[in-house]
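Numbering (this note's numbering), first residue to last: 128 to 200. This report concerns only the one structure given below.
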């Protein structure tokens with residue numbers, strides 16, 4: 128395993144996919160958490176949290192929400 132990291136390029140790819148999967152889980156949990164506290168959120172925020180909690184492509188949904196928010200600012 129010590130040599131597999133520097134020698135095997137697949138190791139780096141798998142490591143990155145694991146990080147991406149973990150990031151997606153965190154985003155989903157954040158969306159679910161925000162949905163549980165609707166009294167603190169405006170309607171737009173609740174909609175975005177709901178979309179994140181239900182999204183299959185969490186990263187794309189998150190990026191799209193950020194782009195939409197930037198256009199509003």
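We put the beta carbon where it would ideally sit given N, CA and C, even for glycine.
Quick check on this structure: which residue in the options has the alpha carbon closest to the alpha carbon of residue i?
i: residue 190; options: 154, 136, 143 and 169; result: 154
i: residue 161; options: 180, 145 and 192; result: 180
i: residue 157; options: 176, 192 and 136; result: 176
Return the CA-CA distance between residue i and residue j, expressed in angstroms with no decimal places.
i: residue 159; j: residue 197; result: 23 Å
i: residue 147; j: residue 182; result: 15 Å
i: residue 119; j: residue 139; result: One cannot answer for residue 119 here, as it falls past the ends of the chain, which runs 128 to 200.
Write down the C-beta distance between residue i and residue j rounded to the nearest angstrom, noting that I regard them as a contact closer than 8 Å.
i: residue 186; j: residue 151; result: 6 Å
Please say whether residue j and residue i have beta carbons closer to each other than 8 Å?
i: residue 170; j: residue 192; result: no
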